[in-house]
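Going by this note's numbering, the letters in the sequence shown line up with residues 778 to 859, in that order. The structure appears below as structure tokens.
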Amino acid sequence: MKSGFLEVPFNQIAPENVPFYRHVDEGSDDLPAHFKSSLLGNSLTIPVTNGQLNLGTWQGIYLGEHRNRGGCRRIVITVNGE
């Protein structure tokens, strides 16, 4: 799958440099990044069975940065179950 394939539709849903945006102190990409993260969420539950990801045929895990120059990020993994 092509890298960034979700970027085009999300940039159409939440474009930068919209004149009526008021939250622009941190840059023109800040408020659109909030919109995008609100749509996608900030956490994920991933089923694992016998040590293997248990995803359906058309399911995948995507990690994206919504800011043009995002800062340092961390991935936190919490394991529940047996």
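Think of the CB as a built atom: it goes at the ideal place given N, C-alpha and C, for glycine as much as any other residue. Fair warning: this is a prediction, and the values are worked out from it, not measured in the lab.
Bridge partner(s) assigned by DSSP for residue i
i: L830; result: V825
Nonlocal neighbours in the same chain, by C-beta distance under 6 angstroms from residue i, ignoring five residues either side
i: G781; result: none
Reference residue i, options the options, closest by Cα
i: P824; options: R844, I838, P809 and Y798; result: I838
i: V856; options: H800, T822, Y798 and Q836; result: T822
i: N827; options: G858, A791 and F787; result: G858
i: G847; options: P786, G804 and F797; result: G804
i: I854; options: L832, F787, S820 and P796; result: S820
Nearest-angstrom beta carbon gap, residue j and residue i [assumed within contact, 8 angstroms]
i: P809; j: E784; result: The pair is not a contact, with the Cβ atoms about 11 angstroms apart (cut-off 8 angstroms).
i: H843; j: S814; result: 6 angstroms
Contact set for residue i: own chain, Cβ-Cβ below 7 angstroms, skip 5 residues either direction
i: H800; result: D807 and L808
Close Cβ partners of residue i (< 8 angstroms) along its chain, the five nearest in sequence each way excluded
i: R850; result: E842
i: N788; result: P809
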